[in-house]
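Presented below is the structure to which this report refers.
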Amino acid sequence: MELLGNLALGFETALAPTNLAYCFLGVLLGTLIGVLPGIGSLAAVSMLLPVSFYLTPEAAIVMLAGVYYGAEYGGSTAAILLNLPGTPSSAVTAIDGNPMAKNGRAGVALFITTIASFAGGTFGIFLLIALAPTLAEMTLVFGPAEYFSMMVLGLIGAATITGGSPIKGLAMVLVGLALGTVGTDVNSGTARFTFGALQLYDGISLVALAMGLFGVAEIISSIQSGGRHQVRQNVRLRDLAPSGSDMKQALLPMGRGAIMGSAVGILPGAGQTMAAFFAYSLEKTVSRTRDLFGKGHIPGIAAPEAANNAAVQSAFIPTLTLGVPGSATMAIMLGALLIHGVSPGPSLLDLNPHIFWGLVASFWIGNLLLLVLNIPLIGLWVRLLQIPYHLLHPAILCLICIGVYSVNFSAFDIGLVLLFGVAGYFMRIAGFDPAPLIVGFVLGPIMEENLRRAMLIGRGDPAIFVERPISFWLLVISAALLVWTIFAFVRAAAKHTGNAPSRTDQEKENDRSST
Amino acid sequence: MSRLTNTNTLGGLTLLAFGVVYLAVGAEYPLGTLRSMGAGAFPALLGWLIIITGAVIAARGMLQGGERFDVARRPLLAISAAIASFGLTMPLFGLAPAVLVSVALSATAERKFVPMRVATLSVFLIALGYLVFVTTLGMPMQLVRMP
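Going line by line, the protein sequences match chains A and B. Under our numbering, the letters of the first sequence match residues -4 to 510, in that order. Under our numbering, the letters of the second sequence match residues 14 to 160, in that order.
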């Protein structure tokens, strides 16, 4: 009955009026930002990160989590109506969602995605409740060597699974780790890579880095690609209701999507994009109506949407229990927790049970709010999509600047945003995905700390990493993952040589959008 | 396709340069021993790894080529100028002038510049920013100030 007691504690925390209000606000703002074309959940979470500094740790994380799944949901709205996915994971939804909209069934598509998101999210939360305590207990035997190897696996996962060139992903992780070393070294007190700038003694500001790499760089690329798309369709409430057969068609794919999504979400490095993509492929394989996919088939939106949202929830399992984030967005969440003085890991459940269980409860409430909020508000989101980009980009840019400035009231941070924005834009056009960089940046200091501790325990012999069995196997899996992705990439690249461009447009698209 | 100016070669060389600078700056921190690693040990390891990956990517670019490095100069310059002007204006003159200047500059990213649109949008954003950040969150920011 311990579980019930924990859940009661959780709901007590989540239902506290302030937390509930911030959960609502997060979901609302997240959807609002996610609906806007070209702005993913990563940019949405980074934009609202500074605001969260003014809140209690619980309220902050509850709000940011709300922003995260709100943005994921909003992204699928843009994908269906415009064929312009707001978030990369909703690119899969666009495959069948957009044809449905073109056939005049946009309302039904939006309704099914809402229901599928809710079902997937709920399933992911159940898995979180079931697995997190056990996993946290298991990791109690983890020493510094195991943590270090775990993070190696997480980083290799982040570098390789996102698609595109694995060596470029690896390079981004390394640059992230390097940026993470800027600031005062906790062991010796040495100020590293600060170039005498006092503002850098506490390290590079996560907000400035994330806003620059994702917010600013995304704005510059979107202006370049035109970003002028108009929706002609008006969706009214009564268009939403799916018929009985629609629902029947959606039911099983939703279930399969939810299971697939939660399984993929737990893996380090694999994100919702992978989850949605796998669920779609699975649906296509098991379906008896395979020919209908891509032409507006309901299972084609129900499965990836359920998977996507289940993965959002299950990705919190490694983030909260191990302190190893699976994706860049999770890395920012982890960063936010650290800034609030809460360190994720096995001790989170013991030391701050109200945060952990409060989060779990608020996830579910947030998903419920999403359901309640979105069905009546779909018309509003549709109208938001009609805001022309020339009004949108200066507005987003201003909010980014004000947000970053408000953290330290320093022009220095604005300078960092400029620097990272330009750098992020160049990375994007050169085919370097900046998402692994953020994971490296957040994990860097923790990783270095554990490396140094493990070496101390091992009396200076690096053999400690292979002598301890858990650490050994984690490293073996990391190496296998790395070798396998490089091998697969080289083989895929070899196929393309001959027809000059070494990467196809699709791969390029994946690179650009795999945040 | 040029072997020297494609995305792989340029990206790899940039990484290589970053690694060299990082390693050089990091060289002044003590390495320590394997048992008790100094402040410079982890950066040294990273520096070498960055140099190696950068070299591999650049080599691949030179041997196999890559895509053309295609920069959209106008949006890049306009947005950069907007951010820089915000950073300079905000601490000196306050929120309202900073928003106005950066909206105006970022609007130049598009070919058509409509002054009325910039003005309306600025007023809206100043009101929104003030409401959200100052009234609701209580941040000590001034709307307009004199240096």
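No residue lacks a Cβ here, since even glycine has one placed at the ideal position from N, Cα and C.
Per-residue contacts from isoleucine 162 of chain A into chain B (C-beta, under 7 Å): As a first step, residue 162 of chain A must be located in the first sequence, where it is residue number 167. Ordered by position in chain B, the residues that pass the 7 Å Cβ test against isoleucine 162 of chain A are Thr66, Val69 and Ile70.
With a threshold of 8 Å between beta carbons, is leucine 76 of chain B in contact with chain A? In the second sequence, residue 76 of chain B corresponds to position 63, counting from 1. By this cut-off, leucine 76 of chain B is not an interface position.
Taking a cut of 9 Å between CB atoms, which residues from the segment 34 to 53 of chain B lie near chain A? Residues Tyr35, Val38, Gly39, Tyr42, Pro43, Gly45, Thr46, Leu47, Arg48, Ser49, Met50, Gly51, Ala52 and Gly53.
Of the residues A:Thr129, A:Glu(-3) and A:Ala86, the one placed nearest leucine 317 of chain A, counting alpha carbons only: For this step, residue 317 of chain A is matched to residue 322 along the first sequence. Of the candidates A:Thr129, A:Glu(-3) and A:Ala86, the one whose C-alpha sits nearest the C-alpha of leucine 317 of chain A is A:Thr129.
Give the interface partners of threonine 148 of chain B over in chain A, defined as CB-CB distance under 8 Å, in chain order. Sequence index remark: in the second sequence, residue 148 of chain B carries index 135 (1-based). Within 8 Å Cβ-Cβ: nothing; threonine 148 of chain B doesn't reach chain A, min ~13 Å.
Tell me the DSSP secondary structure of threonine 176 of chain A in three-state form. Translated into the one-based positions of the first sequence, residue 176 of chain A becomes position 181. Of the three classes helix, strand and coil, the one that applies to threonine 176 of chain A here is coil, per DSSP.
Cβ closer than 7 Å: which chain B residues qualify as neighbours of valine 87 of chain A? Taking the first sequence and counting its residues from 1, the one referred to as residue 87 of chain A is at position 92. The premise fails here: valine 87 of chain A is roughly 25 Å from chain B at the closest Cβ pair, so nothing lies under 7 Å.
Does the Cβ-Cβ distance between isoleucine 334 of chain A and glycine 171 of chain A come in under 8 Å? Taking the first sequence and counting its residues from 1, the one referred to as residue 334 of chain A is at position 339. Taking the first sequence and counting its residues from 1, the one referred to as residue 171 of chain A is at position 176. No.
Looking at the unbroken alpha helix (DSSP H) that takes in serine 322 of chain A, where does it start and where does it end? Here residue 322 of chain A refers to the residue found at position 327 of the first sequence. Here serine 322 of chain A belongs to no alpha helix (DSSP H), and DSSP marks it neither H nor E.
With DSSP as the reference, label asparagine 182 of chain A as helix, strand or coil. In the first sequence, counting from the first residue as 1, residue 182 of chain A sits at position 187. DSSP places asparagine 182 of chain A in coil when its eight states are reduced to three.
Hey, threonine 176 of chain A and glutamate 444 of chain A: beta-carbon distance below 8 Å or not? Within the first sequence, numbered from 1, the residue matching residue 176 of chain A stands at position 181. Within the first sequence, numbered from 1, the residue matching residue 444 of chain A stands at position 449. A distance of 8 Å or more separates the beta carbons of threonine 176 of chain A and glutamate 444 of chain A.
Distance check for tyrosine 42 of chain B and threonine 314 of chain A, CA to CA, integer angstroms please. If you number the first sequence from 1, residue 314 of chain A lands on position 319. If you number the second sequence from 1, residue 42 of chain B lands on position 29. Near 32 Å, if we compare the C-alpha coordinates of tyrosine 42 of chain B and threonine 314 of chain A.
Reference valine 30 of chain A; option with closest CA among A:Leu372, A:Thr480 and A:Ile459: To locate residue 30 of chain A, count along the first sequence from 1; it is residue 35. The shortest C-alpha separation from valine 30 of chain A is found at A:Leu372.
Closer than 7 Å by beta-carbon distance: list the chain B residues that pair up with glutamate 443 of chain A, in chain order. Taking the first residue of the first sequence as position 1, residue 443 of chain A is located at position 448. In chain order: Phe55.
Presumed contact (8 Å Cβ cut-off) between glycine 119 of chain A and alanine 258 of chain A, rounded CB distance: The residue labelled residue 119 of chain A in the question sits at position 124 within the first sequence. The residue labelled residue 258 of chain A in the question sits at position 263 within the first sequence. That pair is no contact at about 10 Å.
Which bits of chain B does tyrosine 400 of chain A rub up against, with CB to CB less than 7 Å? As a position in the first sequence, residue 400 of chain A is number 405, starting the count at 1. Chain-ordered, the chain B residues with CB closer than 7 Å to the CB of tyrosine 400 of chain A read Met103.
Simplified DSSP state of asparagine 347 of chain A, which is helix, strand or coil: The residue labelled residue 347 of chain A in the question sits at position 352 within the first sequence. Looking at asparagine 347 of chain A - three-state DSSP - the assignment turns out to be coil, as it is neither helix nor strand.
For tyrosine 68 of chain A and serine 112 of chain A, what's the separation of their Cα atoms in angstroms? Taking the first sequence and counting its residues from 1, one reaches residue 68 of chain A at position 73. Taking the first sequence and counting its residues from 1, one reaches residue 112 of chain A at position 117. C-alpha separation (whole angstroms): 7 Å.
Here's a check: name, in chain order, each residue in its chain whose Cβ is nearer than 8 Å to the Cβ of threonine 8 of chain A, leaving out the five neighbours to either side. Within the first sequence, the letter at position 13 stands for residue 8 of chain A. Once the five neighbours on either side are set aside, the close Cβ partners of threonine 8 of chain A are Asn14, Glu53, His349, Ile350, Trp352, Gly353, Ala356 and Ser357.
Are the segment 242 to 259 of chain A and the segment 287 to 303 of chain A touching by the rule of at least three beta carbon pairs closer than 8 Å? yes
With 16 other Cβ atoms within 10 Å as the buried cut-off, status of valine 181 of chain A: For the purposes of this step, residue 181 of chain A is taken as the residue at position 186 of the first sequence. Answer is exposed; the Cβ neighbour count stays below 16.
My understanding is that valine 116 of chain B touches leucine 89 of chain B, with C-beta atoms under 8 Å, so please give their C-beta distance in whole angstroms. Here residue 116 of chain B corresponds to residue number 103 of the second sequence, with the count starting at 1. Here residue 89 of chain B corresponds to residue number 76 of the second sequence, with the count starting at 1. No, valine 116 of chain B and leucine 89 of chain B are not in contact; Cβ-Cβ is about 18 Å, not under 8 Å.
Quick check on the DSSP output: the alpha helix (DSSP H) that includes glutamate 123 of chain B runs from which residue to which? Numbered from 1 along the second sequence, position 110 holds the residue referred to as residue 123 of chain B. No alpha helix (DSSP H) contains glutamate 123 of chain B, which DSSP labels as neither H nor E.
Using 8 Å as the threshold, is the C-beta distance between alanine 212 of chain A and glycine 419 of chain A below it? Along the first sequence, read from residue 1 onward, the residue named residue 212 of chain A stands at position 217. Along the first sequence, read from residue 1 onward, the residue named residue 419 of chain A stands at position 424. For alanine 212 of chain A and glycine 419 of chain A, yes; Cβs fall inside 8 Å.
Output the boundary residues of the alpha helix (DSSP H) element that contains glutamine 308 of chain A. Reading the first sequence from its first residue, position 313 is the one you call residue 308 of chain A. Its alpha helix (DSSP H) spans residues 294 to 309.
Are there 16 or more other CB atoms within 10 angstroms of the CB of glycine 426 of chain A, so buried, or fewer, so exposed? What you label residue 426 of chain A is simply residue 431 of the first sequence in a count that begins at 1. By the neighbour-count rule (16 or more Cβ atoms within 10 Å), glycine 426 of chain A is buried.
Nearest-angstrom Cα distance between arginine 223 of chain A and aspartate 286 of chain A? If you number the first sequence from 1, residue 223 of chain A lands on position 228. If you number the first sequence from 1, residue 286 of chain A lands on position 291. With a pLDDT of only 49 at arginine 223 of chain A, under 50, the local geometry of the prediction cannot be trusted, and no value is derived from it.
Cα-Cα, which of A:Gly61, A:Ala489, A:Gly410 and A:Gly116 is closest to serine 93 of chain B? Taking the second sequence and counting its residues from 1, the one referred to as residue 93 of chain B is at position 80. Ranking the options by Cα distance to serine 93 of chain B, first place goes to A:Gly410.
One question on the structure: do isoleucine 472 of chain A and leucine 148 of chain A come within less than 8 Å of each other, judged by their Cβ atoms? Here residue 472 of chain A is taken as the residue at index 477 of the first sequence, counted from 1. Here residue 148 of chain A is taken as the residue at index 153 of the first sequence, counted from 1. For isoleucine 472 of chain A and leucine 148 of chain A, yes; Cβs fall inside 8 Å.
Considering only the alpha carbon of each residue, which of A:Ser309, A:Ile215, A:Ala430 and A:Ala186 lies closest to valine 38 of chain B? In the second sequence, counting from the first residue as 1, residue 38 of chain B sits at position 25. By alpha-carbon distance to valine 38 of chain B, the top candidate from A:Ser309, A:Ile215, A:Ala430 and A:Ala186 is A:Ala186.
At the level of alpha carbons, what is the spacing between alanine 326 of chain A and glycine 70 of chain A? Residue numbering aside, residue 326 of chain A sits at position 331 when the first sequence is read from its first letter. Residue numbering aside, residue 70 of chain A sits at position 75 when the first sequence is read from its first letter. Distance between the alpha carbons of alanine 326 of chain A and glycine 70 of chain A: 20 Å.
Residue environment, asparagine 369 of chain A, which counts as buried when at least 16 other CB atoms sit within 10 Å: On the first sequence, residue 369 of chain A is found 374 positions in, with the first residue counted as 1. Under this definition asparagine 369 of chain A is a buried residue.
Taking asparagine 21 of chain B as the reference, give the member of A:Ile424, A:Phe460, A:Ala245 and A:Leu469 with the closest Cα. By one-based count along the second sequence, residue 21 of chain B stands at place 8. The shortest Cα separation from asparagine 21 of chain B among A:Ile424, A:Phe460, A:Ala245 and A:Leu469 belongs to A:Ile424.
For the alpha helix (DSSP H) holding methionine 520 of chain A, just list the boundary residues, first then last. Residue 520 of chain A lies beyond the stretch modelled for chain A, which goes from -4 to 510, so this question has no answer here.
Just to check my reading of the structure: leucine 27 of chain A and valine 40 of chain A have Cβ atoms closer than 8 Å, yes? What is that Cβ distance to the nearest angstrom? Translated into the one-based positions of the first sequence, residue 27 of chain A becomes position 32. Translated into the one-based positions of the first sequence, residue 40 of chain A becomes position 45. Between valine 40 of chain A and leucine 27 of chain A the Cβ distance is about 13 Å, and since that is not below 8 Å, they are no contact.
Could you say which of A:Phe272, A:Ser405 and A:Met422 lies nearest to glycine 24 of chain B if we only look at CA atoms? Taking the second sequence and counting its residues from 1, the one referred to as residue 24 of chain B is at position 11. Measuring from the Cα of glycine 24 of chain B, the nearest candidate turns out to be A:Met422.
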